[in-house]
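Residues 361 to 504 (the working numbering) make up the sequence shown, in order.
Note that CB positions come from ideal geometry on N, CA and C, so glycine has one too.
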Amino acid sequence: MELRITKPQSGDFSEILLLLKQLWPHKKSNKRVKEVFIKGLRSLQQEYLIAKQDKKVVGFASLTITNSLWDEGNSLYIEALVVDKIHRGKGIGTKLLGRITEISKKYKCKSINFDSGLFRKEAHSFYKEQGFKKYNAYLFSKNI
C-alpha cells in the first residue's frame with residue numbers, strides 16, 4: 361500500500377483519463393486530451409504528477425508555470441488536481457499539494473493559483489484546510 365508521487369509516463373494516460381472524467385463529469389468530448397497530455401509531457405512550462413498506489417494511478421495534477429505580472433514573478437497554476445473518489449480522505453491530495461509546493465519553490469514562484477467549480481464543496485473545504493484562500497472572482501471563458 362505504498363503511495364508514490366511521481367511524474368507520469370505516456371502509458372499512464374488511460375488511468376489519468378478516468379480520473380479526469382471524475383473531475384469533469386460534464387465534459388462531453390475527450391478526443392484531443394491524449395494529444396494535449398503528450399505535448400504537456402514534453403513542455404518546459406508544464407509538469408504533471410501522479411499518485412500511484414499498488415501500481416494504480418489514484419491521483420493526478422497538471423501544473424503550469426507562468427511569468428505573472430500580477431505576482432511580479434513566476435506563478436504556478438494548477439490546471440487539474442484530482443484524487444480517485446474511492447481514495448479520497450486518505451492524505452493523497454495533501455501529498456500531491458506538498459509536491460506541488462516543492463515544485464513551486466524550485467521555480468521560485470510567488471503563488472499557487474487555481475480555479476474550482478462552484479459545485480465542488482468538499483474540494484473547497486480541503487483547499488482551505490491546506491491554507492488556500494478563496495477570492496471572490498469569476499472565471500470567464502470564450503470558445504474559439
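Could you spell out where the alpha helix (DSSP H) holding residue i opens and where it closes?
i	result
Ser-485	481 to 489
Leu-378	373 to 383
Go ahead and pull the three-state DSSP assignment for residue i.
i	result
Ile-365	strand
Leu-423	strand
Gly-433	strand
Lys-494	coil
Leu-456	helix
Leu-401	helix
Lys-446	Rather than Lys, the amino acid found at residue 446 in this sequence is Ile. DSSP places Ile-446 in helix when its eight states are reduced to three.
Ile-463	helix
Ser-476	coil
Lys-416	strand
Ser-501	coil
Is it buried or exposed, residue i, if we count other Cβ atoms within 10 angstroms and call 16 or more buried?
i	result
Tyr-495	exposed
Asp-444	buried
Glu-489	exposed
Val-417	buried
Gly-451	exposed
Pro-368	buried
Ala-421	buried
Leu-379	buried
So, using beta-carbon positions, are residue i and residue j closer together than 8 Å?
i	j	result
Gly-433	Lys-481	no
Tyr-487	Ser-501	no
Thr-461	Ile-410	no
Ile-537	Glu-407	Lying outside 361 to 504, the shown extent of the chain, residue 537 is not represented and no answer is given.
Leu-377	Val-393	yes
Tyr-437	Phe-474	yes
Just to confirm the assignment, what range does the beta strand (DSSP E) spanning residue i have?
i	result
Asn-473	469 to 473
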